[in-house]
Every structure is written in structure tokens, then in C-alpha cells.
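Residue numbers (the numbering used here): 3 to 88.
Structure first, then comments.
What follows is the structure, given as C-alpha cells:
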């Protein structure tokens, strides 16, 4: 089974000073989050793709569930990224 996903990011930059010492570039900081989320999503999708589904129907059902859960997975990984980077 092959799973593909597209995530579009809408970056919001703050006018407040950077929260981390030496981080004078907000976009670099936000891109760090994007990379972190992208890596987490890729790892999860790779695991889903490589799972040994018993039948084609089981794989199709799993794919449907993955699609429905995808927005929540992105939110979950964003929360994890905030904990990891901040």
C-alpha cells in the first residue's frame, strides 16, 4: 500500500522578540517546527505503509481511517514539536 499526503503550512510570525537566546530569525524558528512536524508525519506514514495488512480490504479500511485522523495527527505532532523545541 502506498500512502501520500500533502501538508501546506501558513506561517504566522510574531512581532514579539524571539523566545530563545540567539534566535534572531523567527522564520528559521518556525521552519524548525515545520521540519519537526514533517519528520514525525513521515515516520508515522512510513509505519502505516509498511504495516502487514491481512487483506487488501483491511489496507483500504486502514487508509480511510488514516485520512480521517490526519488533521488530528498534524495537531498532535505540532503540540509535540512545541514541547520539543520550546
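Note that CB positions come from ideal geometry on N, CA and C, so glycine has one too.
All values reported here derive from a predicted model rather than from experimental measurement.
(message) Please classify residue 29 as buried or exposed, where buried requires at least 16 other C-beta atoms within 10 Å of its C-beta.
(response) Taking the chain shown and counting its residues from 1, the one referred to as residue 29 is at position 27. With fewer than 16 other Cβ atoms within 10 Å, it is exposed.
(message) Starting from residue 50, trace the alpha helix (DSSP H) in both directions and tell me its first and last residue.
(response) The residue you call residue 50 lines up with position 48 of the chain shown. Note, residue 50: alpha helix (DSSP H), 28-52.
(message) Within a Cβ cutoff of 6 Å, which residues of the same chain sit near residue 36, ignoring the five residues on either side of it in sequence?
(response) Counted from its first residue, the chain shown places residue 36 at position 34. Only 11 meet the Cβ criterion.
(request) Note the first and the last residue of the continuous alpha helix (DSSP H) segment covering residue 68. (result) On the chain shown, residue 68 is found 66 positions in, with the first residue counted as 1. Residues 58-87.
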